[in-house]
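The structure appears below as structure tokens.
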Amino acid sequence: MMNALLKNEIKEMNEVIQEQVTTFKVDSLESANWCFRNIRALKEQIETNKALADAERFRIDSWEKKENEGALNSISYFESLVTEYFKEERTKDNKFKLSTPYGKVSSRKIEKYNWDDKEALLNYLKENKQDKLIRVTEEINKTEFKKVYKHGINKETGEILPGVIVEEKESISVKVE
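To convert, count from 1 in the sequence shown and add 63; that's this note's numbering.
Rendered as structure tokens:
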């Protein structure tokens, strides 16, 4: 929960923002400190709101799960009854189709591959020159590349490496404590 001091900070900040028609400018250490206090208070307000919303989401999700549990069990039961009927009729008539205005049951034959011994299969494909069936992935190891070729330059030859552009950028971060 948000303490009274932070609530007061937010209230004061909102009043100052309302009063100021011109844009606020940080021109001293005190005004920067005031900004940091306001950022901290607002972040805490966001966290409080998030915690409240998360608690409500959890309650709503629990309620939804409890309410739908019986319906989902009934759906599974009815689907198993219809599936069993379909299987029985299918044994009698191989071309049986079950279709009503409220639903239908269909079946499809599929092949499922179980890759039990990938090494043996890979060796077989290599021995029988089936290279097009073997996937080889080549990619640059960027971590090692950065160690060997700092700044994108080959140290031995002084050559700038093609295909890589190294830009120096400044990273600025604001940390509120």
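All residues carry an ideal CB built from backbone N, CA and C; glycine is no exception.
Model, not experiment: these values are computed from the prediction.
DSSP three-state assignment for residue i, whether helix, strand or coil
i           : result
residue 211 : helix
residue 133 : helix
residue 173 : coil
residue 216 : strand
residue 197 : coil
residue 73  : helix
residue 223 : strand
Where the beta strand (DSSP E) containing residue i begins and where it ends
i           : result
residue 163 : 161-163
residue 167 : 166-168
Span of the alpha helix (DSSP H) around residue i
i           : result
residue 190 : 181-190
Alpha carbon of residue i to alpha carbon of residue j, nearest angstrom
i           : j           : result
residue 237 : residue 99  : 9 Å
residue 200 : residue 177 : 23 Å
residue 192 : residue 198 : 13 Å
residue 204 : residue 220 : 21 Å
Pair within 9 Å by beta-carbon distance, residue i and residue j
i           : j           : result
residue 188 : residue 194 : yes
residue 222 : residue 228 : no
residue 103 : residue 207 : no
Whole-number beta carbon distance between residue j and residue i, since they are thought to touch under 8 Å
i           : j           : result
residue 167 : residue 161 : 6 Å
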